[in-house]
Amino acid sequence: MSYFVNEKGYYGDFGGAYIPEMLYPNVEELRQQYLSIIHEESFQQEFKALLKDYVGRPSPLYLAKRLSGKYGANIFLKREDLNHTGAHKINNTIGQILLAERLGKKRIIAETGAGQHGVATATVCALRGLECVVYMGEVDIKRQAPNVARMKMLGAKVVPATSGSKTLKDATNEAMRDWINNPVDTHYIIGSVVGPHPYPDMVSIFQSIISEETKKQLLEQTGKDQPDYVMACVGGGSNAAGMFYHFIDDESVKLIAVEAGGKGVDSGLSAATTYLGKEGVLHGSRSILMQTPDGQVVEPHSVSAGLDYPGIGPQHAHLFKTGRGKYVSITDDESLNAGLLLTQLEGIIPAIESAHALAYLEYMKFKGGENVVVCLSGRGDKDMETYMKHFNL
Amino acid sequence: MNRLQQLFQNKKKDILSIYYTAGYPNLNDTLQIAEALEKAGADFLEIGFPYSDPVADGPIIQASSKQSLDQGMTLQILFSQLKDLRKTVTIPILLMGYVNPVLQFGVENFCKACAEIGIDGCIIPDLPMYEYEELYHSCFEEHGVSNIFLVTPQTSEERIRKIDGLSNAFIYLLSSAATTGKNLDVSANARTYFARIKAMDLKNPLMIGFGISDKQTFDAANEYASGAIIGSAFVKCLANGDVEKNVKTFMKEFRN
Ligand SMILES: Cc1ncc(COP(=O)(O)O)c(C=O)c1O
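As they're listed, the protein sequences go chains L and X.
Going by UniProt numbering, the first sequence opens with residue 1, and the numbers climb by one from there.
Going by UniProt numbering, the second sequence opens with residue 1, and the numbers climb by one from there.
Following this line, the structure appears as structure tokens:
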């Protein structure tokens with residue numbers, strides 16, 4: 001069984017490019033060229049150099065000793081929080097901006113929820129001198145004021161999405177509408193492994209640096225390049241896709257994906273897509289999404305804006321359906337507690353998104369001595385207000 | 001031959017099609033609007049079934065879709081509203097909407113419901129050609145439902161030929177690559193593009209849509225195609241007041 005995309009753009013039953021004709025030329029151009037561009041030596045050199053000198057890679061693989069002591073396993077943290085701009089998102093935006101340049105595009109658009117992807121996009125646009133427009137739900141603009149200010153300071157135009165629920169899904173709709181209306185000079189940097197083919201594959205290739213480094217670092221630190229478990233949180237699924245990438249075909253490595261349970265999976269306020277969703281089409285691909293019986297997309301809820309999305313990428317839908325990956329969920333409160341625990345045991349304040357992955361350690365049954373890698377996808381600076389409110393800090 | 005194919009056989013010019021959102025302005029206005037439009041001289045209709053995330057639509061159709069959904073519209077309800085359609089409406093009717101509600105309803109069930117009621121075709125903008133060919137085409141054919149494809153200024157000639165081969169009613173020529181509700185700028189560029197497609201001499205007739213809002217843009221479209229499709233401009237005029245009166249007032253500009 002293949003867990004990667006086939007030549008038609010599908011992962012098993014999922015994927016494809018469900019886009020209106022207006023987007024076809026852009027998406028088709030990308031489909032025809034993304035692999036050859038990414039594999040060019042000059043591209044790889046530039047990409048690797050920027051990841052090293054600008055982003056600060058390789059990100060450390062840190063054996064969290066006190067956390068390991070608590071859970072009775074060797075817990076390694078893949079420190080994507082130490083990247084420039086504070087999350088894994090920049091791995092993808094660096095890759096896509098280099099690709100956009102090679103396609104001759106002059107204008108960049110993006111959607112953002114928490115603002116991490118928006119900041120990562122505005123950052124690479126500043127770096128390369130390209131025009132940048134970021135769509136962000138009106139509700140998220142209010143929730144994530146510091147990131148809005150960062151984007152503006154970086155020279156991006158932040159456009160509020162005022163339709164629907166005014167959050168990430170609606171920002172994505174607005175970005176797609178912008179792309180429809182600007183069919184020639186614009187590249188859309190999607191922030192996760194969602195969207196029409198080839199986006200899910202392309203974004204996972206750019207994020208695969210996470211597991212590529214992890215393998216080398218594990219070999220150095222443990223003498224073995226395979227862990228027993230890799231764990232990551234899933235919004236659209238890009239940090240998880242990058243964390244899983246080089247382990248997917250090695251079935252001895254267990255893949256654990258943690259979704260946002262919100263106030264509880266059956267509370268009506270949740271973003272646990274695999275639990276609540278059904279197969280369908282959203283934002284250009286066939287996947288699993290939260291929807292009514294009539295096929296209308298349902299509003300998700302999560303305390304972390306980055307996980308507040310009603311779908312998951314098609315590769316995740318495939319890993320879930322085939323049983324290759326285990327998909328679980330963690331509530332708002334559990335994630336906040338896990339964030340506090342990591343802070344006090346290891347001196348690392350994680351993004352609330354990443355804290356979801358950490359929180360699932362409570363549910364794992366270890367025999368002792370297993371090697372576990374958790375993707376620490378981002379740092380918690382952006383979440384201080386939420387932590388402060390919750391813990392009365 | 002369905003009603004749509006018949007229409008295009010009998011009428012080569014000046015065909016006027018109107019789009020409106022089902023369940024808007026009031027949930028149960030759907031059939032009445034169809035009847036009023038036929039009376040006022042529309043040649044065929046596109047009835048939009050609403051979707052929560054209409055990426056190809058501008059603000060006017062987004063708002064009508066949202067209002068319709070808020071009022072409880074579903075595909076199931078739409079089909080029941082239209083069940084006696086053919087007792088009072090004779091012009092061809094298309095359904096237009098996004099693919100996910102169709103998937104959830106079931107493609108086979110959807111085609112069957114269309115055939116039973118007397119729906120002649122559909123426009124599903126986010127259903128790609130490859131998936132249509134592989135999974136939907138035979139079901140559509142079997143139930144006599146025509147699938148309408150869109151063409152934009154950026155669509156390649158090779159692809160247009162392929163679309164022509166898969167179509168059996170008409171081809172929907174987008175005035176520009178844009179979401180719905182923008183005003184057509186009848187510029188030299190648009191004219192060159194219309195003329196280029198016209199010169200391809202396709203087997204299917206052409207209808208021009210997106211940005212057609214008044215007599216002037218309608219006439220311009222008619223120079224290059226069998227007719228034109230009006231959407232946002234009509235939906236906008238339904239916002240306030242009596243439905244029948246609004247339809248009459250709107251149609252006066254085009255038909256007297
Ligand atoms: C720190 C962090 N982790 C995770 C996510 C979720 O995205 P994905 O599932 O694509 O990794 C986000 C999204 O904003 C994020 O900022």
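We put the beta carbon where it would ideally sit given N, CA and C, even for glycine.
Taking a contact as a CB-CB distance under 8 Å, the pair Pro314 (chain L) and Gly15 (chain L) counts as one, their CB atoms being some 4 Å apart. The beta-carbon of Asn168 (chain X) is placed no less than 8 Å from the nearest beta-carbon of chain L.
The nearest non-hydrogen atom of ligand 1 is 7 Å or more from the C-beta of Cys132 (chain L). Shown here for Gly368 (chain L): same chain residues with a beta carbon closer than 8 Å to its own, the five before and five after excluded, namely Gly72, Ala73 in chain order. Linking Ile19 (chain L) to Ile33 (chain X) through their CA atoms gives a straight-line distance of about 30 Å.
Taking all protein chains in view, the Cβ of Asn256 (chain X) is surrounded by fewer than 16 other Cβ atoms within 10 Å, so the residue is classified as exposed. When DSSP states are grouped into helix, strand and coil, His187 (chain L) belongs to the strand group.
With contact defined as three or more Cβ pairs closer than 8 Å, the segment 4-18 of chain X and the segment 365-379 of chain L are not in contact. Remark: C-beta atoms of Asn26 (chain X) and Gln81 (chain X) do not approach each other more closely than 8 Å. The beta carbon of Gln44 (chain L) sits closer than 8 Å to those of Ile38, all from its chain and outside the five residues before and after it, given in chain order. Nearest to Asp308 (chain L) by alpha-carbon distance, out of L:Tyr62, L:Ala87, L:Ala149, L:Thr112, is L:Thr112. Where Met136 (chain L) is concerned, the enclosing beta strand (DSSP E) starts and stops at 131-137. For the options L:Gln116, L:Gln96, L:Arg150, the alpha carbon positioned closest to that of Phe206 (chain L) is the one of L:Gln96.
Those residues placing their Cβ nearer than 7 Å to any heavy atom of ligand 1 are, following chain order, L:Ala87, L:His88, L:Lys89, L:Gly113, L:Ala114, L:Gln116, L:His117, L:Gly191, L:Ser192, L:Val193, L:Cys233, L:Val234, L:Gly235, L:Gly236, L:Gly237, L:Ser238, L:Asn239, L:Ala240, L:Ala305, L:Gly306, L:Leu307, L:Ala351, L:Glu353, L:Ser354, L:Ser377, L:Gly378. With its beta carbon at least 8 Å from every one in chain L, Val247 (chain X) lies outside the interface.
CA-CA distance, Ala355 (chain L) to Met384 (chain L), rounds to 13 Å.
A residue is called buried once 16 or more other Cβ atoms fall within 10 Å of its Cβ, and Tyr363 (chain L), having fewer, is exposed. Glu279 (chain L) carries a strand assignment under DSSP once its states are collapsed to helix, strand and coil. Neighbours of Pro183 (chain L) in chain X, taken as residues whose beta carbon is under 7 Å from its own, are Gln154, Ala177 in chain order. Going by DSSP, Thr30 (chain X) is part of the alpha helix (DSSP H) stretching over 30-39. Within the model, the alpha-carbon separation for Thr180 (chain X) versus Thr273 (chain L) is close to 31 Å.
C-alpha of Ala199 (chain X) to C-alpha of Arg159 (chain X): approximately 15 Å in a straight line. The closest CA to that of Gly284 (chain L), considering only X:Ser156, X:Asn100, X:Gly231, X:Asn189, is found on X:Asn100. Distance from the CA of Lys162 (chain X) to the CA of His143 (chain X), rounded to the nearest whole angstrom, comes to 22 Å. Going by DSSP, Val89 (chain X) is part of no beta strand (DSSP E) at all; its letter is neither H nor E. When rounded, the separation of the alpha-carbon atoms in Phe234 (chain X) and Phe170 (chain X) is 22 Å.
Counting along the chain, Arg102 (chain L) sits inside the alpha helix (DSSP H) bounded by residues 89-102. DSSP lists L:Lys78 as the beta-bridge partner residues of Cys375 (chain L). Spatial neighbours of Ala225 (chain X) in its own chain (CB-CB distance under 8 Å, excluding positions within 5 residues in sequence) are listed in chain order as Leu173, Phe194, Lys198, Pro205, Leu206, Met207, Ile208.
Under the DSSP assignment, Thr222 (chain L) falls in the alpha helix (DSSP H) whose first and last residues are 209-222. Of the candidates X:Leu103, X:Cys122, X:Gly106, X:Cys122 places its Cα closest to the Cα of Leu94 (chain X). The continuous alpha helix (DSSP H) containing Val99 (chain X) extends over residues 99-105. Beta-bridge analysis with DSSP links Glu133 (chain X) to no other residue.
Closer than 8 Å to the CB of Leu282 (chain L) there is at least one CB belonging to chain X.
Counting along the chain, Pro160 (chain L) sits inside the beta strand (DSSP E) bounded by residues 157-161. Closest by C-alpha distance to Asp250 (chain L), out of L:Ala241, L:Gly236, L:Gln226, is L:Gln226.
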